[in-house]
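Heads up, the thing below is written out as structure tokens.
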Amino acid sequence: MQPESTVPTTRSRRPRFRLGGLGPLIGLAALVALATILNPSFLTIGNIFNVLTRTSFIGIIAVGGTFVIIAGGIDLSVGSMAALLAGSMILFMNALAPTFGSGWLTIFFGVVFVVALGGVFGLGHGLAITKGRIEPFIVTLGTLGIFRSVLTYLSEGGAITLKLDLSDVYSHIYYGSLLRIPIPIWIFLAMAGLGGLLLNRTAFGRHVQAIGSNEQVARFAALRVDREKILTYVIQGVCVAVATILYVPRLGSASPSTGLLWELEAIAAVIIGGTALKGGFGSVSGTVVGAILLSTIGNVLNLTSIISVYLNAAVQGVVIILVAFLQRGRRTQ
Amino acid sequence: MKRIFQVILVLALAVTTLAFAQDKSVIGVSIPAADHGWTAGVVYWANQAKAQVEKAYPSLTVIVKTAKDPAEQANQIQDLVTVNKINALVILPYESAPLTKPVADVKKQGVFVVVVDRGLTDPGIQDVYVAGDNPGMGRVSGEYVAQKLNGQGKIVVLRGIPTVIDNQRYDAFMEVMKQHPGIEVLDAQYANWNRDDGFKVMQDFLTRFPQIDAVWAQDDDIAVGVLRAIQQANRTDIQFVLGGAGMKEFIKKVMDGDPLVPADVLYPPNMVATAINVAAMHYVSGSAVLGTYIVAAPLVTKDNASQYYFPNSPF
């Protein structure tokens, strides 16, 4: 029989053997190594750019999600919001095209419109959660349904399609490159960089972490809790809008299947990246790695056929759980 | 006395015919909500058929209801019977198994049942079955691919969502491929009848295989993503992409002679209109309607595309 008093000491020593924040990165490295062995074309520049470019949507949304989750909230509506924003943006630009021409001016207005609309959606969430005192899970579950069904209504269940000449101009945003690197990757990096700065180098970032770890204490410390929480949802809305700006030029259309289950992928990216689902701490860089890891799994499965396609989702599940195991967080504080 | 009897008879006849004329038959239509292109087409065509049938036969009323999941659909058909007092039910089941029992209950109450597309697990329930030809769609697609490639080449396949429908199409397609050993199916992956997944899966196929001669995308939504991925990769080895279902944009491409989209295989959402018309016939004409109707999956090429082009439909 061990004396009970030794238990806390072993527990306190344990974190040293954990990989901590490096967990997802190690998971990603292992996955990359495995993928390269299975199919050498994995490591071609073309494929890496494909993976990073398609990660950019979920990645950017997850950067916003990092703030919401660190502050102790959750936003389940991001996939539906992306779909509705994409549809609204297309309709808006189609309507402007006859007046402003099918060029960059119309696209510029479209971008301004969609960022504003995303911000307004986020503001709505924030107000309902703080001033309305409704659980974020419920508010955003509600809007998840609302956003998607409004899009379905606008599209009559079919697809909302961008005018062809506009689509040709706009498609450069997704398919074009700057210094040989696809534009979506640049925007993804920029958003992640901004997010990192905001979280780690500003008072707002510190407040968000304080609110997430103990909202009562944050209130007593005279932080403007409601204002900061609302801001996290606005950031989330704007991030979804930026992702939409990249999504629309890819296929030039939005349909009721746009953004389906993106909320789960985005939340998974945040959590795999080491952010605590209960809030309080987390990192944007972890989220970026988490998002890349998730889309790499899908890519590897498409590049190989050693496992039955029927089991794809199972492989994804196993990898996610393994990575989460590698970076298990502090058990108690 | 005899004369009085005659008068009564005539009156009785007049009253009954009058009663018949006033007694409207109600056809309830229960279909999945428009959550992707094809179901959007179903909703559109159900409403088209409602307008057309009600105009042609004033004695008929058609009620169209959409459901977003099997549970909602089960409740809905109960409501159609108790509240709307339907005489006939035209149903495109969201899923076969969970709706079999609810439809059987409706049938027991004397409702005339027409099942569309997805069969119930007990085929004894339905009076009429109107179905698309999924194995036929796979077979026609396979034969077209084989013929277009002259029996030689490398192809990739994008599948739908793991379901019976997808299996029937895929199995029939692969059956045809067996007869053409010169054609190599490099890989088949699920793209979930979805544009974004079509794009992703095709991008990865293009990375993985340096030479692809043709793509069977099975579905026009998937094919939208496939075409974009090919365009982005600037690959010229792919001779053609064969989609399916009959989305108006694709029928248009076939009509316009797009070299990458030389054909399409139909899986028409307006089969729901066929079913509603069959139900209507049951009430307005004495013609025999009971039985199974298989709506063919014809090959759409440049020559016949115009007859399948419906620019007003959302699909």
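Residue numbers (my numbering), protein chains in the order written: chain L, 1468 to 1800; chain V, 4 to 318. Think of the CB as a built atom: it goes at the ideal place given N, C-alpha and C, for glycine as much as any other residue.
Helix or strand or just coil, what does DSSP make of residue i?
i       : result
L:S1622 : helix
L:P1723 : coil
V:D267  : strand
V:W196  : coil
V:A24   : With a pLDDT of 45 at V:A24, under the threshold of 50, the modelled position of that residue is not reliable, and the figure given next carries that caveat. Helix, per DSSP.
V:E98   : coil
L:T1754 : helix
V:A91   : strand
V:R238  : coil
L:T1742 : coil
V:K157  : strand
L:I1773 : coil
V:D125  : coil
V:F115  : strand
V:I164  : coil
V:D216  : coil
V:A232  : helix
V:T304  : coil
V:F243  : strand
L:E1602 : coil
V:V86   : coil
V:A191  : strand
V:A248  : strand
L:T1669 : coil
L:T1628 : strand
L:Q1800 : The predicted model places L:Q1800 with a pLDDT of 44, which falls under 50 and marks its position as unreliable, so this point remains unresolved.
L:I1557 : helix
V:Y147  : helix
Quick one: what's residue i bridged to in DSSP?
i       : result
V:D136  : None; V:D136 has no bridge partner.
V:Y296  : V:V133
L:I1712 : None; L:I1712 has no bridge partner.
V:P35   : V:A70
L:P1649 : L:S1644
L:E1695 : DSSP, once it has assigned bridges, lists no residue as partnering L:E1695.
V:T64   : V:V29
V:I186  : V:G156
Report the residue from the options whose alpha carbon sits nearest the alpha carbon of residue i.
i       : options                            : result
L:V1705 : L:L1727, L:F1604, L:V1587, L:G1726 : L:V1587
L:G1414 : L:I1764, L:A1791, L:I1774          : In the structure as shown, chain L begins at 1468 and stops at 1800. Residue 1414 of chain L is therefore absent and cannot be evaluated.
V:T239  : V:V218, V:K251, V:I94              : V:V218
V:D199  : L:V1499, L:N1514, L:T1522          : L:T1522
L:A1735 : L:V1786, L:V1701, L:G1747          : L:V1786
L:M1560 : L:L1631, L:L1505, L:I1512          : L:L1631
L:L1666 : L:A1583, L:L1646, L:S1750          : L:S1750
V:A43   : L:V1499, L:T1619, L:G1532, L:V1636 : L:T1619
V:P262  : V:Y270, V:F202, V:G247, V:I241     : V:I241
V:T85   : V:A248, V:P73, V:V109              : V:V109
L:V1579 : L:A1562, L:M1556, L:G1591, L:N1514 : L:M1556
V:T210  : L:G1490, L:S1508, L:I1654          : L:S1508
V:I164  : V:T103, V:D222, V:I254             : V:D222
L:G1593 : L:V1606, L:L1584, L:I1774          : L:V1606
L:L1489 : L:L1760, L:D1542, L:K1598          : L:L1760
L:A1564 : L:Y1637, L:L1552, L:G1591          : L:Y1637
V:I89   : V:V116, V:P73, V:P105, V:V148      : V:V116
L:Q1703 : L:A1689, L:L1727, L:T1725, L:A1659 : L:A1659
L:L1611 : L:V1756, L:S1644, L:G1589          : L:G1589
V:D363  : V:A220, V:P213, V:Y312             : Since the displayed chain V opens at 4 and closes at 318, residue 363 of chain V lies outside it and no answer follows.
V:V65   : V:G127, V:N273, V:V32              : V:V32
Since residue i contacts residue j with CB under 8 Å, what's their CB separation in whole angstroms?
i       : j       : result
L:S1762 : L:V1530 : Actually they do not touch by this definition, with Cβ atoms about 15 Å apart.
L:T1503 : L:L1510 : 5 Å
V:W196  : V:D174  : That belief does not hold up - the Cβ atoms of V:W196 and V:D174 are roughly 17 Å apart, past 8 Å.
L:V1581 : L:I1712 : 6 Å
V:I30   : V:A91   : 5 Å
L:N1769 : V:V287  : The pair is not a contact, with the Cβ atoms about 53 Å apart (cut-off 8 Å).
L:G1679 : L:G1539 : 4 Å
L:I1527 : L:A1710 : 4 Å
V:D207  : L:N1779 : Going by Cβ atoms, the distance from V:D207 to L:N1779 rounds to 12 Å, so no, they are not a contact pair.
So is the beta-carbon of residue i under 8 Å away from any non-hydrogen atom of the ligand NAD?
i       : result
L:S1775 : Among the components modelled here there is no ligand, and therefore nothing to report on the ligand NAD.
Problem - contact_flag[the stretch 1567 to 1584 of chain L, the stretch 1735 to 1743 of chain L] where n(CB pairs < 8 Å) is 3 or more - result: The stretch 1567 to 1584 of chain L makes no contact with the stretch 1735 to 1743 of chain L: fewer than 3 CB pairs, one atom from each, lie closer than 8 Å.
Handout entry: Given 8 Å, three or more beta-carbon pairs between the stretch 172 to 181 of chain V and the stretch 138 to 157 of chain V
Key = Because the criterion of three Cβ pairs below 8 Å is met, the stretch 172 to 181 of chain V and the stretch 138 to 157 of chain V touch.
Practice task
Please determine if the stretch 64 to 83 of chain V and the stretch 294 to 312 of chain V are in contact, where contact requires at least 3 C-beta pairs separated by less than 8 Å.
Solution key: Counting C-beta pairs closer than 8 Å gives fewer than three between the stretch 64 to 83 of chain V and the stretch 294 to 312 of chain V, which falls short of the contact rule.
Handout entry: Three or more C-beta pairs below 8 Å linking the stretch 1624 to 1631 of chain L and the stretch 1704 to 1724 of chain L
Key = In short, these stretches touch, since the Cβ pair count reaches three.
Practice task
Kindly confirm or deny that the stretch 1608 to 1625 of chain L and the stretch 1538 to 1554 of chain L touch, where touching means at least three C-beta pairs closer than 8 Å.
Solution key: At 8 Å Cβ cutoff, the stretches touch.
Exercise for the section: Determine, using beta-carbon pairs with one atom in the stretch 33 to 52 of chain V and one in the stretch 60 to 78 of chain V, whether at least three such pairs fall under 8 Å. Expected result: Two segments are said to touch when three or more pairs of C-beta atoms, one from each, lie closer than 8 Å; by this definition the stretch 33 to 52 of chain V touches the stretch 60 to 78 of chain V.
Practice task
Specify whether the stretch 119 to 126 of chain V and the stretch 96 to 104 of chain V touch according to this definition: at least 3 beta carbon pairs, one from each stretch, less than 8 Å apart.
Solution key: Under the three-pair Cβ rule at 8 Å, the stretch 119 to 126 of chain V counts as touching the stretch 96 to 104 of chain V.
Exercise for the section: Assess, as a yes-or-no matter, whether the stretch 289 to 304 of chain V is touched by the stretch 153 to 161 of chain V under the definition of 3 or more beta carbon pairs within less than 8 Å. Expected result: The answer is no - the stretch 289 to 304 of chain V does not touch the stretch 153 to 161 of chain V, with fewer than three Cβ pairs under 8 Å.
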